[in-house]
Each structure stands twice: as C-alpha cells, then as structure tokens.
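Residue numbers (my numbering): 775 to 849. Here a beta-carbon is modelled for each residue, glycine too, at the ideal position from N, C-alpha and C.
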Amino acid sequence: MSSKSRTFYGWLMTNRNPVAATEIQQFANNAFLDQSFPKQSTDFDELSNYLEGSASYLMSMTIFDEAWSEYQASR
Numbered sequence: 775m776s777s778k779s780r781t782f783y784g785w786l787m788t789n790r791n792p793v794a795a796t797e798i799q800q801f802a803n804n805a806f807l808d809q810s811f812p813k814q815s816t817d818f819d820e821l822s823n824y825l826e827g828s829a830s831y832l833m834s835m836t837i838f839d840e841a842w843s844e845y846q847a848s849r
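Shown next, in the form of structure tokens:
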C-alpha cells in the first residue's frame with residue numbers, strides 16, 4: 775500500500791511500541807485495542823469526532839493533532 779492511500783489507522787499502527795515512550799506511541803497502542811476505531815478513515819473530521827466522543831484513552835486532542843500532522847507529512 776502506498777503512503778498516499780494509507781489510512782490514518784494504518785499509519786498510526788506503525789507507531790505502536792510496547793514501551794510506549796511517547797504520547798503518540800501510547801495513542802497507537804490504545805487505538806489498536808479499540809475495536810470501534812474508524813480503521814478505514816482518512817478524514818480528519820470523522821476521526822476527530824470519534825476520538826472526542828468515544829476514546830476515553832486519549833488524554834488530550836493535542837496528541838491526535840500532532841499524530842495527524844505527522845500522518846499528513848508522511849503522505
């Protein structure tokens with residue numbers, strides 16, 4: 775899969791780390807365990823709305839914003 779067509783979830787999973795040294799790595803670890811995460815989405819608003827309403831594991835939306843910026847830069 776080219777980086778242009780990779781979903782946010784696909785990109786996020788490349789950041790999983792059992793030690794979870796960074797906030798984005800911890801976010802990735804928790805999203806992996808979230809059965810309802812919108813795995814096929816590439817849409818900022820859809821992901822943001824889901825995380826704001828359903829992801830109690832995300833301590834701050836700033837973490838998502840940083841992850842989204844890194845995702846966009848990788849595309």
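Euclidean distance between Cα positions of residue i and residue j
i, j, result
"M787", "N803", "8 Å"
"M833", "Y824", "14 Å"
"E840", "A829", "16 Å"
"M835", "L821", "11 Å"
"D819", "L807", "21 Å"
"A794", "S779", "26 Å"
"S810", "S843", "22 Å"
"G827", "N789", "23 Å"
Same chain, Cβ closer than 7 Å to residue i, neighbours up to 5 away in sequence not counted
i, result
"W785", "Y845 and S848"
"K813", "T781 and Y783"
"I837", "E797, I798 and F801"
"T816", "T781 and F782"
Limits of the unbroken alpha helix (DSSP H) element including residue i
i, result
"Y824", "F818 to S828"
"T836", "M835 to S848"
"L807", "E797 to L807"
"Y783", "F782 to M787"
Contact set for residue i: own chain, Cβ-Cβ below 6 Å, skip 5 residues either direction
i, result
"Y831", "N804"
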